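A.B. asks:
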Amino acid sequence: MQWLSLYFPQLALDHRLRAHHDDPARAELALAISEMRGRRAVIHSCTDTARRQGVVPGMSTSAARNLCPELRLQPLDEARQQQALERLASHAMQFTPAISLQPPDGLLMEIGASADLFGGLASLHAQISAAVHQLGYRHVAALAPTPLAARWLSRAGAARVITAPDRLATALRGLPVEVMELDERILAALRGMGLHRIGDCLRLPRDEGGRRLGTALFTALDRALGKRPDPRRPWLPPKRFSSRLILPEAVTSSERLLFAARRLLTELVDCLRAGNLGVREFVLRLVHDGEGHTDLPLQLAGTTRDADHLLLMLRTRLEPFQLPAPVAEIVLRAETLVELAARNHELFPGPEEAQEDWLQLLNHLRMRLGDDAVQGIHAVAEHRPEYAWQVAPAPAHDRPPGLQRPLWLLDRPRPLQVVHRRPCLHGRLDILAGPERIEAGWWDGGEIRRDYYVMCNPGQQQFWVFRAHDQPGAWYLHGLFA
Amino acid sequence: MTLDALLQRAGVWRGGEASLRARHRPAQSIPTGLAPLDEQLPGGGWPLGWLSELLLPCYGIGELQLLLPVLAQLSRQERRIVFVAPPYIPYAPALWQQGVRLSHVLLIHTHKSQQQLWAMEQALRAGVCGAVLGWTHAPDPRVLRRLQLAAEAGQSAAILFRPTEAARHASPAGLRIELTPAVNGTTVHIRKRRGGWHYRPVRLRPAPSRRHAVA
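In order, the protein sequence lines correspond to chains W and B.
Using our numbering, the first residue of the first sequence is number 19, and each one after it goes up by one.
Using our numbering, the first residue of the second sequence is number 14, and each one after it goes up by one.
The following block contains the structure:
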């Protein structure tokens with residue numbers, strides 16, 4: 019077993035900074051996360067700009083504000099931190115399925131089993147670090163044969179790689195006792211006894227130490243050294259997705275909005291890929307500056323997790339959209355994620371791929387032109403011409419044929435001018451074929467009794483024309499033979 | 014300058030050159046079922062990957078009749094047929110009769126010509142459509158050029174229905190066919206064909222057989 023521990027020293031801050039990820043002014047931002055320590059509000063983490071002005075973690079917020087007047091403060095939100103961890107876990111799912119969350123600020127992943135697939139442990143380690151770095155999260159990664167040892171090493175800021183179990187004790191010996199995440203009471207007792215390093219604790223006599231400090235310390239040490247099992251519950255990706263992004267400043271153009279929404283889409287796709295899921299509909303909520311929000315629902319013709327396609331859909335939806343008010347925050351939510359059959363990319367696209375391309379085209383057209391503008395047709399076994407075709411929301415299956423019919427049909431019959439009892443349309447009409455009696459529909463109130471003819475005018479256009487029995491002398495145009 | 018040197022020059026065009034003929038031949042052609050016309054069409058049928066124009070004075074003179082065998086065959090090859098802004102409803106039972114698979118037909122209704130052209134371009138580029146038929150108005154040469162490129166990219170047939178007057182303006186279309194209605198059946202006349210010249214008019218049979226009846 020090889021455990022990689024990722025420790026995020028400023029998880030909340032980095033999560034908050036996501037919106038600035040591609041912003042060149044990001045480095046200039048003076049932002050800090052504050053937390054309550056007892057009744058005192060103190061700085062939890064801050065950006066480099068704030069740090070340069072003298073703000074340091076642990077300092078009271080009022081002192082920080084004095085040092086750096088333009089400092090923006092944000093309270094630490096545990097729920098959001100958890101969300102950030104889940105987000106990182108979904109992203110890491112592409113490397114290994116055995117991931118467990120280490121709240122509030124870490125991930126543990128067993129990478130020994132999948133190392134071979136990624137070109138060995140060192141290569142996989144590097145790929146994971148690069149992926150996390152690209153998401154904009156500062157982190158320390160340490161590799162060790164036990165999860166606790168990896169966690170402790172990373173918390174100590176030691177990006178070590180230890181693969182041999184017998185070298186564990188040496189590696190841990192020099193770490194400060196604080197990295198062990200023990201109860202504050204035990205830590206205070208250790209410090210009181212002058213034990214500052216893990217090595218000091220390892221030398222403690224067990225019986226004596228156990229009586230004074232409780233068993234928790236020794237259990238943890240045994241687990242870290244691999245002398246006691248330390249099973250971890252693997253994290254499972256959720257079947258729904260929701261993520262929010264606070265925009266650095268209120269956005270008024272849909273182009274800027276799309277740019278920000280792209281970050282959330284990437285998160286959605288990660289989440290989908292982690293759970294082998296696909297999405298069919300999602301909602302982008304625009305939270306306006308001040309109050310109120312606008313929901314933009316997107317419905318796709320098929321299930322997908324193609325990032326480019328989703329982005330294109332969002333773009334076609336957003337571009338023509340007029341923002342009613344500046345947007346301060348966006349939320350992307352997909353309530354139902356569905357299982358998507360795993361499909362490998364083939365060298366030569368087969369029929370399945372063509373089907374996917376077709377669905378993408380349909381989505382694209384519907385998004386831009388509206389659902390009503392894009393229709394399939396199918397024939398219905400029905401004598402009345404008005405009812406013998408129907409629009410279908412998406413192209414349906416083939417149906418049995420009717421009789422010889424024109425290729426163009428008018429959406430409703432148009433009355434024709436009648437001169438000397440003969441119908442006219444750009445000149446007098448001559449009969450080419452007919453009549454054909456169509457008499458149907460008495461059962462549903464749409465009763466018709468008509469004689470249909472094929473007629474042509476002096477311009478040689480051929481028409482499908484009928485005479486209604488209940489309106490003697492009246493002629494109607496119903497189709498064209500194209 | 015010797016003859017050989019002259020022939021090396023890039024600007025010299027040789028009518029009978031095989032490579033040139035190949036360039037002027039579409040990758041795939043679908044027979045229209047009208048043998049005299051097929052003989053005159055590049056590759057012996059309706060060219061895929063080209064922009065074609067059908068020039069006609071009015072609707073209802075057999076203009077779809079000409080294309081139906083092509084559409085039917087494309088739909089049987091699992092390729093889609095898209096109608097962009099048709100002037101009337103394509104009547105499903107009639108399409109079915111001619112062997113067009115209705116599940117492969119898509120209609121797009123939009124009044125803005127910019128959106129019509131956009132939809133045509135998207136459908137052509139997607140690579141899943143065998144033919145994209147458009148009844149859009151007054152496209153300028155730049156737009157036609159885009160359609161031509163999209164047709165090449167997706168290897169589909171771009172077919173534009175335009176009024177006969179459009180023949181007076183130049184067009185990048187590889188194929189321009191004019192339909193003229195006449196008492197004894199509509200005449201099909203090739204006005205332009207990339208890599209070809211000298212055409213004979215072909216008669217298209219009237220859609221329903223002509224007979225006389227009394228009203």
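Each residue gets a CB set at the ideal place from its N, CA and C atoms; glycine is no exception.
Only a predicted model underlies this, so the values are computations on that prediction, with no experimental measurement involved.
Hey, quick one: how far does the alpha helix (DSSP H) through Phe-277 (chain W) stretch, first residue to last?
C.D. replies: Here the alpha helix (DSSP H) through Phe-277 (chain W) covers 272–292.
A.B. asks: Hey, Arg-139 (chain W) and Thr-181 (chain W): beta-carbon distance below 8 Å or not?
C.D. replies: The amino acid at residue 139 (chain W) is misidentified as Arg; the sequence shows Leu. Yes; because the gap between Cβ atoms is below 8 Å, this pair is in contact.
A.B. asks: At a CB distance below 8 Å, what residues from the segment 126–156 of chain B approach chain W? Give them in sequence order.
C.D. replies: Answer in chain order: Gln-128, Trp-131, Ala-132, Gln-135, Ala-136, Ala-139, Gly-140, Val-141 and Cys-142.
A.B. asks: I'd like to know whether the C-beta of Val-17 (chain W) is nearer than 8 Å to at least one C-beta of chain B.
C.D. replies: No answer is possible for residue 17 (chain W): it lies beyond the span of chain W, which begins at 19 and ends at 500.
A.B. asks: Closest to Leu-171 (chain W) by CA distance: which of W:Leu-428, W:Gly-320 and W:Pro-27 is it?
C.D. replies: Among W:Leu-428, W:Gly-320 and W:Pro-27, the Cα nearest to that of Leu-171 (chain W) is on W:Pro-27.
A.B. asks: Which residues of chain B have a Cβ atom closer than 7 Å to the Cβ of Asp-429 (chain W), listed in chain order?
C.D. replies: Result: Ile-102.
A.B. asks: Does Arg-430 (chain W) pass the burial test, meaning 16 or more other C-beta atoms within 10 Å, or should it be called exposed?
C.D. replies: Flag for Arg-430 (chain W) reads exposed.
A.B. asks: Using only the alpha-carbon positions, how far apart do Arg-303 (chain W) and Leu-329 (chain W) sit?
C.D. replies: Their backbone Cα atoms lie some 16 Å apart in a straight line.
A.B. asks: Starting from the beta carbon of Ala-107 (chain B), find every residue of chain D whose beta carbon is closer than 7 Å, and list them in chain order.
C.D. replies: No chain D appears in the structure shown, which is made up of the protein chains W and B.
A.B. asks: When you compare the CB of Thr-316 (chain W) with every CB in chain B, is at least one pair closer than 8 Å?
C.D. replies: Per the sequence shown, the amino acid found at residue 316 (chain W) is Leu instead of Thr. No, Leu-316 (chain W) does not count as interfacial toward chain B.
A.B. asks: Of all the CB atoms in chain B, is at least one closer than 8 Å to the CB of Trp-376 (chain W)?
C.D. replies: Cβ-Cβ to chain B under 8 Å: yes for Trp-376 (chain W).
A.B. asks: In three-state DSSP terms, what is Phe-499 (chain W)?
C.D. replies: Coil.
A.B. asks: Can you tell me which of the three DSSP states Leu-33 (chain B) falls into?
C.D. replies: With a pLDDT of 48 at Leu-33 (chain B), under the threshold of 50, the modelled position of that residue is not reliable, and the figure given next carries that caveat. The answer is helix: DSSP assigns Leu-33 (chain B) an H, G or I state.
A.B. asks: Near Ala-207 (chain W), what residues of its chain come up, given a Cβ to Cβ distance below 8 Å and the 5 sequence neighbours on each side ignored?
C.D. replies: Counting only Cβ-Cβ distances below 8 Å, and skipping sequence neighbours, we find Arg-230 and Leu-231.
A.B. asks: Return the CA-CA distance between Thr-334 (chain W) and Met-385 (chain W), expressed in angstroms with no decimal places.
C.D. replies: Cα to Cα, the separation comes out at about 6 Å.
A.B. asks: Cα separation between Val-436 (chain W) and Cys-442 (chain W)?
C.D. replies: Val-436 (chain W) and Cys-442 (chain W): Cα-Cα distance of roughly 6 Å.
A.B. asks: Could you tell me the distance, in whole angstroms, from the CA atom of His-214 (chain W) to the CA atom of Gly-192 (chain W)?
C.D. replies: Distance between the alpha carbons of His-214 (chain W) and Gly-192 (chain W): 9 Å.
A.B. asks: Run the CB neighbour count on Pro-176 (chain B), radius 10 Å, all protein chains shown included, and call it buried at 16 or more, exposed below.
C.D. replies: Per the 10 Å Cβ criterion, exposed.
A.B. asks: So what's Gln-317 (chain W) in DSSP terms, helix, strand or just coil?
C.D. replies: Correct three-state label for Gln-317 (chain W): strand.
A.B. asks: Identify the continuous beta strand (DSSP E) that holds Trp-131 (chain B) and give its terminal residues.
C.D. replies: Run containing Trp-131 (chain B): none in the beta strand (DSSP E); it sits in the alpha helix (DSSP H), 126–138.
A.B. asks: Tell me whether Cys-219 (chain W) sits in a helix, a strand or coil according to DSSP, three-state version.
C.D. replies: If DSSP states are grouped into helix, strand and coil, Cys-219 (chain W) belongs with the helices.
A.B. asks: Give a yes or no on whether the minimum CB-CB distance between Gly-62 (chain B) and chain W is below 8 Å.
C.D. replies: No, Gly-62 (chain B) does not count as interfacial toward chain W.
A.B. asks: Using a threshold of 8 Å, state whether the C-beta atoms of Tyr-471 (chain W) and Ala-500 (chain W) are closer than that.
C.D. replies: The answer is no: Cβ separation not under 8 Å.
A.B. asks: For Gly-497 (chain W), return the contacting residues in chain B, with the cut-off set at a CB-CB distance below 8 Å.
C.D. replies: Ordered by position in chain B, the residues that pass the 8 Å Cβ test against Gly-497 (chain W) are Tyr-101 and Tyr-104.
A.B. asks: Looking at the secondary structure, which residues open and close the alpha helix (DSSP H) in which Phe-236 (chain W) lies?
C.D. replies: Residues 234–243.
A.B. asks: Quick check on Glu-128 (chain W): does DSSP put it in helix, strand or coil?
C.D. replies: Strand at Glu-128 (chain W).
A.B. asks: With distances taken Cα to Cα, identify the nearest neighbour of Trp-11 (chain B) among B:Leu-173, B:Tyr-212, B:Val-201 and B:Val-196.
C.D. replies: Absent from the structure is residue 11 (chain B), since the part of chain B shown begins at 14 and ends at 228.
A.B. asks: Run through chain B and tell me which residues come within less than 7 Å of Ala-391 (chain W), C-beta to C-beta.
C.D. replies: Correct list: Ile-121, His-122 and Thr-123.
A.B. asks: Using a Cβ-Cβ cutoff of less than 6 Å, which residues in the same chain neighbour Glu-353 (chain W) once the five nearest sequence positions on both sides are dropped?
C.D. replies: Arg-258, listed in sequence order.
A.B. asks: I want to know whether the segment 78–87 of chain W touches the segment 95–103 of chain W - three or more CB-CB distances under 8 Å.
C.D. replies: Verdict: no, contact absent.
A.B. asks: What residues of chain B sit near His-382 (chain W), judged by a beta carbon separation below 7 Å?
C.D. replies: Within chain B, the residues near His-382 (chain W) are Gln-135.
A.B. asks: So if I threshold CB-CB distances at 7 Å, which residues from the segment 33–58 of chain B count as touching chain W?
C.D. replies: So nothing in the stretch comes that close.
A.B. asks: Give a yes or no on whether 8 Å exceeds the smallest Cβ distance from Gly-477 (chain W) to chain B.
C.D. replies: Yes, its Cβ sits closer than 8 Å to a Cβ of chain B.
A.B. asks: Would you list the one or two residues that DSSP bridges to Gly-137 (chain W)?
C.D. replies: Answer is none; Gly-137 (chain W) lacks a bridge partner.
A.B. asks: Does DSSP put Gln-489 (chain W) in a helix, a strand or coil?
C.D. replies: Coil.
A.B. asks: State yes or no: is the beta carbon of Val-83 (chain B) nearer than 8 Å to at least one beta carbon in chain W?
C.D. replies: Not closer than 8 Å to any Cβ of chain W, the Cβ of Val-83 (chain B) fails to qualify, so no.
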